[in-house]
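Numbered according to this note's numbering, the sequence shown spans residues 11 to 239. Where is the CB? At the ideal position from N, CA and C, for every residue including glycine.
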Amino acid sequence: MQKIAIMGAMPEEVAPILEKLGSYKTTEYAGNKYYEASYKGIEVVVAYSKIGKVFSTLTATTMIEHFGCDRLLFSGVAGAVSPELKVGDLVVATKLSQHDLDITAFGHPYGFVPEGAVFVEADKDMIELSKKVASKMGKSVKEGIIATGDQFVANEERKNWILETFDASALEMEGGSVAVVCNALNVPFFILRSISDAADMDASFSFDEFLESSAIISAEFVMNMVDEI
Ligand SMILES: Nc1ncnc2c(CN3C[C@H](CCSCCOCCO)[C@@H](O)C3)c[nH]c12
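In structure tokens:
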């Protein structure tokens, strides 16, 4: 019996999902709340992790190990790294990295630690499915690399360094850690982000203005993905 985890990082990222579910059971566990529901006959567990790689690691692991989810979809917002992306645009992660993981002093590349990998690849089947969903919705979705780090990026220099170092399309604070968890536990995962800002000097203002509307765009797409799974 499949059980799907639908995850975000902030309340605003999961609010549209909970609204669509209507009714759900709330469970408090490990300092967080998990919302369980049956959606069109599919068991789902919804949660927002709180911000950053540590909280998102805890929540992704809990959804899989404690609630028994066997697939994970992440819905949220991101800062644009690719200059072609604008507010509201959708990005599907092909693979993800941690841009603030740095032991380059030992000659390793950025984002690498021994027995780890610079990139973790997302589930190819769900990436394929997203193309079908995108065409059904008449939406264009960019497939690209997402770089994750424990910092809200709000300057061109750091953003451009991330572009040059990881060839990222977008950046955020949770996808790369969720990817490591799902990969380690052999759970297919799909990370979708809608752009809320350009990770530049105006990022915090843009983020505040567009968080809610961009989160809705991402959530609508993710729920359409669940319909097709
Ligand atoms: N430019 C950027 N840099 C990094 N990440 C992002 C993301 C993606 N999410 C949004 C959120 C930002 C946390 S700070 C805002 C907290 O406000 C709380 C109220 O004060 C975190 O969960 C990562 C959008 N734009 C970004």
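Just so you know, the alpha carbons of LEU221 and ILE205 end up roughly 9 Å apart.
Between ligand 1 and SER228, a heavy atom-to-CB distance of less than 7 Å is absent. Under the DSSP assignment, ASN42 falls in the beta strand (DSSP E) whose first and last residues are 42 to 49.
Residue environment: MET11 is assigned as exposed (fewer than 16 neighbouring CB atoms within 10 Å of its CB, all protein chains considered). DSSP places ASP135 inside the alpha helix (DSSP H), whose first and last residues are 134 to 147. DSSP, read as helix, strand or coil, puts LYS30 in helix. In the three-state reduction of the DSSP assignment, LEU68 falls in the helix class, which pools H, G and I. The continuous beta strand (DSSP E) containing SER107 extends over residues 100 to 108. For the pair ALA132 and MET211, the Cα-to-Cα distance works out to about 30 Å. In this structure, the C-beta of ALA88 approaches ligand 1 to less than 7 Å from one of its heavy atoms.
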